[in-house]
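Data first, discussion second: the structure below is written as structure tokens.
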Amino acid sequence: MSGNADTTPLAAGERPPSTVVGPLAWLRANLFNTWYNAILTILIAWAIIRTVPPLIEWAVIDAAGFGATSEMCREATGACWGFVREKLRFILFGTYPYDEQWRPLATVALFILLLGASCDRRFWKPWFGLVWLAGLVAAGVLMWGGVFGLTYVENTLWGGLPLTLILSVIGLSVAFPISILLALGRRSDMPAVKAICVAYIELIRGVPLISLLFMASVMFPLFLPTGVTIDKLLRAQIAFIMFAAAYMAEAIRGGLQAIPKGQYEAADGLGLSYWQKMGKIILPQALAISIPPLVNTFISFFKDTSLVIIIGLYDLLGTAKAALTDPAWRGYYREAYLFIGLIYWAFCYFMSKYSQWLEKDLNRMRRR
Numbered sequence: 197m198s199g200n201a202d203t204t205p206l207a208a209g210e211r212p213p214s215t216v217v218g219p220l221a222w223l224r225a226n227l228f229n230t231w232y233n234a235i236l237t238i239l240i241a242w243a244i245i246r247t248v249p250p251l252i253e254w255a256v257i258d259a260a261g262f263g264a265t266s267e268m269c270r271e272a273t274g275a276c277w278g279f280v281r282e283k284l285r286f287i288l289f290g291t292y293p294y295d296e297q298w299r300p301l302a303t304v305a306l307f308i309l310l311l312g313a314s315c316d317r318r319f320w321k322p323w324f325g326l327v328w329l330a331g332l333v334a335a336g337v338l339m340w341g342g343v344f345g346l347t348y349v350e351n352t353l354w355g356g357l358p359l360t361l362i363l364s365v366i367g368l369s370v371a372f373p374i375s376i377l378l379a380l381g382r383r384s385d386m387p388a389v390k391a392i393c394v395a396y397i398e399l400i401r402g403v404p405l406i407s408l409l410f411m412a413s414v415m416f417p418l419f420l421p422t423g424v425t426i427d428k429l430l431r432a433q434i435a436f437i438m439f440a441a442a443y444m445a446e447a448i449r450g451g452l453q454a455i456p457k458g459q460y461e462a463a464d465g466l467g468l469s470y471w472q473k474m475g476k477i478i479l480p481q482a483l484a485i486s487i488p489p490l491v492n493t494f495i496s497f498f499k500d501t502s503l504v505i506i507i508g509l510y511d512l513l514g515t516a517k518a519a520l521t522d523p524a525w526r527g528y529y530r531e532a533y534l535f536i537g538l539i540y541w542a543f544c545y546f547m548s549k550y551s552q553w554l555e556k557d558l559n560r561m562r563r564r
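Per our numbering, the very first residue in the sequence shown carries number 197; after that it's consecutive.
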């Protein structure tokens, strides 16, 4: 039949040579297409051969398993995964009461559930903000307790992964709308508003985060009236919000500047007010353009929560360091840092891949 494709197999002499298609062609086109790429390929292959087999030998072959005791680990020549098993709950939850650690575990699961739902664009509705608010209230009830028969736990006992998520998720959630206002204010035609926004952004971006944490922890209480105190965790959270808002404002400002002038003129021609123009036309495009630098700020901010150790708060990295002070398990820092490194990597990798998908999806919609 004329509509059917010809399925006659090709003769051996009619097939394309292996240098044109197939694995050899791919290697030649991607790894050995130039002399310097060939040298880099050889050097990378040599580095992999030198590092991967010893790593596997240390982590798997010669390692003491998760059920190993400290005595068994001292006799092993490889990794001691018994340390991770022994200190797992302390690394993840810090000094939170042992019998109540199901509560920070539920808090972590709640945050992950909310973040996962936020990645679905079908939930990008105004009512989902109320879901987030209810989730944050539920997280506060779980962590603090004192109601519904839950034992009250001071936030000085919080630590580990829940503290990292609380500082980063709440910090970014509050800082994001502030950063939008700062970016709009920096481009405002009103001199006073522009001057205030520029001064704030440049001042915060001109100092390291550590200095803000020191100011929030040490200097700020000195300016409070006698007898008035503000919780240490709240002060640290405010410092993170101020820092993240300044950096995200610059990323959003770059997106605003990338919008063609014709978009502004078209919005003005439709008779839209300033906030209608920004909310319906300008900001959606600017935020889509700003996704890469914004996600870079998110990832950096998530990792910077480890700096709270300097003011006496123990996040995930802090609890891992504290776990290493146990004399029975001292010296297994590689296992500890590898374990928490995998946790940090999982969250950061997810943010990176989701941002890439979202950027492509939004670009595809704009092309339509």
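Ideal Cβ positions, reconstructed from N, Cα and C, are used throughout, including at glycine.
Rounded to whole angstroms, what is the Cα-Cα separation between residue i and residue j?
i: T273; j: D258; result: 6 angstroms
i: M415; j: G312; result: 38 angstroms
i: N351; j: G381; result: 36 angstroms
i: M197; j: N226; result: Note on M197: pLDDT 47, under 50, position unreliable in the model; the coordinate value appears next. Each residue's alpha carbon lies about 41 angstroms from the other.
i: W254; j: A275; result: 6 angstroms
i: A524; j: G514; result: 19 angstroms
i: A463; j: A441; result: 27 angstroms
i: L558; j: W242; result: 41 angstroms
i: L378; j: T237; result: 46 angstroms
i: P279; j: Q472; result: With the sequence shown as reference, residue 279 is identified as Phe, and Pro is not the correct amino acid for it. Looking at the two C-alpha atoms, the distance is approximately 57 angstroms.
i: P358; j: R530; result: 23 angstroms
i: P404; j: E555; result: 30 angstroms
i: V365; j: G423; result: 31 angstroms
i: L195; j: I252; result: Since the first and last residues shown for the chain are 197 and 564, residue 195 lies out of range.
i: S314; j: G325; result: 10 angstroms
i: R285; j: G467; result: 59 angstroms
i: F543; j: F497; result: 12 angstroms
i: G263; j: E282; result: 9 angstroms
i: E398; j: V248; result: 45 angstroms
i: N229; j: L223; result: 8 angstroms
i: Y396; j: T303; result: 34 angstroms
i: A391; j: R246; result: 56 angstroms
i: I244; j: D316; result: 38 angstroms
i: P250; j: I240; result: 16 angstroms
i: L430; j: A482; result: 31 angstroms
Look at the Cβ atom of residue i, then the Cβ atom of residue j, and state whether they are nearer than 8 angstroms.
i: F494; j: M438; result: no
i: L520; j: R526; result: yes
i: K476; j: Y540; result: no
i: L310; j: W328; result: yes
i: V349; j: E296; result: yes
i: I426; j: L418; result: no
i: M339; j: P293; result: no
i: I448; j: S375; result: yes
i: I287; j: I536; result: yes
i: G355; j: F289; result: yes
i: P387; j: G450; result: no
i: I487; j: S551; result: yes
i: A335; j: F307; result: yes
i: W277; j: A260; result: yes
Report the three-state DSSP secondary structure of residue i (helix, strand or coil).
i: Y292; result: coil
i: I287; result: helix
i: Y348; result: coil
i: F546; result: helix
i: Q552; result: helix
i: D557; result: helix
i: G386; result: Note on identity: in this sequence residue 386 is Met, with Gly being the wrong assignment. Three-state result, M386: coil.
i: W320; result: coil
i: I455; result: coil
i: Y533; result: helix
i: L409; result: helix
i: D522; result: coil
i: D427; result: coil
i: Y232; result: helix
i: Y528; result: coil
i: S198; result: Unreliable placement is indicated for S198, whose pLDDT of 49 sits below 50; the coordinate value is still reported in the next sentence. Three-state DSSP puts S198 in coil, outside helix and strand.
i: L420; result: coil
i: L466; result: coil
i: L338; result: helix
i: V394; result: helix
i: S486; result: coil
i: T247; result: helix
Per the DSSP calculation, residue i is bridged to which residue(s)?
i: C565; result: No information on residue 565 is available, as it lies outside the stretch 197 to 564 that the chain covers here.
i: G356; result: D511
Would you please state the rounded distance, in angstroms, between the beta carbons of residue i and residue j? I believe it to be under 8 angstroms.
i: T360; j: L512; result: 5 angstroms
i: Q459; j: I485; result: Contact flag wrong, Cβ pair sits at about 12 angstroms.
i: M444; j: A371; result: 6 angstroms
i: Q433; j: L363; result: 6 angstroms
i: V173; j: L409; result: The structure shown does not extend to residue 173, since the chain is modelled only from 197 to 564, so the question has no answer here.
i: L353; j: K428; result: That belief does not hold up - the Cβ atoms of L353 and K428 are roughly 12 angstroms apart, past 8 angstroms.
Considering only heavy atoms of the ligand COA, does any lie closer than 7 angstroms to the CB of residue i?
i: A313; result: Among the ligands in the structure shown, none appear at all, so the ligand COA cannot be discussed.
Flag residue i as yes if its beta-carbon sits less than 8 angstroms from any beta-carbon of chain E, otherwise no.
i: A441; result: Of the protein chains in this structure there is only one, and it is not chain E.
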